[in-house]
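Residue numbers (the numbering used here): 1 to 69. Yeah, the Cβ is synthetic: ideal placement off N, Cα and C, and Gly gets one too. None of these values were measured; they are calculated from a predicted model. Below: the structure, in structure tokens.
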Amino acid sequence: MKSKELLTDLNKKSATELEAELVSAKKELFNLRFQHATNQLSNTTRIPEVKRNIARIQTVITQKEKGLA
1 MKSKELLTDL NKKSATELEA ELVSAKKELF NLRFQHATNQ LSNTTRIPEV KRNIARIQTV
61 ITQKEKGLA
């Protein structure tokens with residue numbers, strides 16, 4: 001999913017849905033790091049992509065808390 005599509009999708013979600021999305025992204029990052037450490041990960045570019053998605057989710061959560069979005 002492209003970043004603009006992801007941002008519009010995230011802005012439509014509620015705070016609880018964003019928290020659930022954040023938890024699932026953090027779990028995915030943990031699994032990717034584990035796979036990378038055990039040399040089972042073939043696509044290493046996925047790790048920074050997931051990190052960026054986590055940052056995007058956290059940004060949207062902060063914006064909603066401050067009433068900016």
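Which two residues bound the contiguous alpha helix (DSSP H) that contains residue i?
i, result
"N39", "No alpha helix (DSSP H) holds N39; DSSP gives it neither H nor E."
"L10", "3 to 12"
"T62", "46 to 66"
Expressed to the nearest angstrom, what Euclidean distance is found between the alpha-carbon atoms of residue i and residue j?
i, j, result
"A15", "A25", "15 Å"
"L10", "Q40", "31 Å"
"S3", "I57", "11 Å"
"K13", "S42", "32 Å"
"A37", "L29", "12 Å"
Among residues of its own chain, excluding the 5 on either side of residue i, which ones have a beta-carbon nearer than 6 Å to its beta-carbon?
i, result
"I47", "L32"
Excluding five sequence neighbours on each side, which residues of the same chain lie with their C-beta closer than 8 Å to the C-beta of residue i?
i, result
"E19", "I61"
Excluding the 5 residues flanking residue i on each side, which residues of the same chain have their C-beta closer than 7 Å to its C-beta?
i, result
"K64", "A15"
"V50", "A25, E28, L29, L32"
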